[in-house]
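Q: My structure is below; once you've seen it, I'll send some questions.
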Amino acid sequence: MDKVAGFAQNGASVSHGGTTITGSQVTGRALDLAVPRGGTAAQQAALNNIVQYGASRGVTVRIIPVR
1 MDKVAGFAQN
11 GASVSHGGTT
21 ITGSQVTGRA
31 LDLAVPRGGT
41 AAQQAALNNI
51 VQYGASRGVT
61 VRIIPVR
């Protein structure tokens, strides 16, 4: 989460595979997290904490249930 939140911040640029992304090109930060369906209450609570922590760091977290 912290890596996503800090990606290309403060005018920094990031290069990979010949492509460079500057901080000014980043309009949002998001993390998609695929998890198995049917988690326990404790697991659901942990996922909710992740979503809240992401929001506090400016990252939109999307939980995607999978089979």
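In the UniProt record's numbering, the protein residues as written are 1 to 67. C-beta atoms are modelled at their ideal positions from N, C-alpha and C, and glycine is treated no differently.
(1) Look at the Cβ atom of residue 59, then the Cβ atom of residue 41, and state whether they are nearer than 9 Å.
(2) In the structure shown, what three-state DSSP assignment does residue 30 receive?
(3) Measure the beta-carbon distance from residue 5 to residue 57 and round it to whole angstroms, keeping in mind my assumption that it falls under 8 Å.
(4) Can you tell me the Cβ-Cβ gap for residue 64 and residue 34, rounded? I've got them flagged as a contact below 8 Å.
A: Well, looking at it:
(1) By 1-based counting over the sequence shown, the position of residue 59 is 59. By 1-based counting over the sequence shown, the position of residue 41 is 41. Taking 9 Å as the Cβ cut-off, residue 59 and residue 41 do not qualify as a contacting pair.
(2) The sequence position of residue 30 within the sequence shown is 30, counting from 1. The answer is strand: DSSP assigns residue 30 an E or B state.
(3) In the sequence shown, the residue the question calls residue 5 occupies position 5. In the sequence shown, the residue the question calls residue 57 occupies position 57. That pair is a contact at about 4 Å.
(4) If you number the sequence shown from 1, residue 64 lands on position 64. If you number the sequence shown from 1, residue 34 lands on position 34. About 5 Å separates the two Cβ atoms, so the contact holds.
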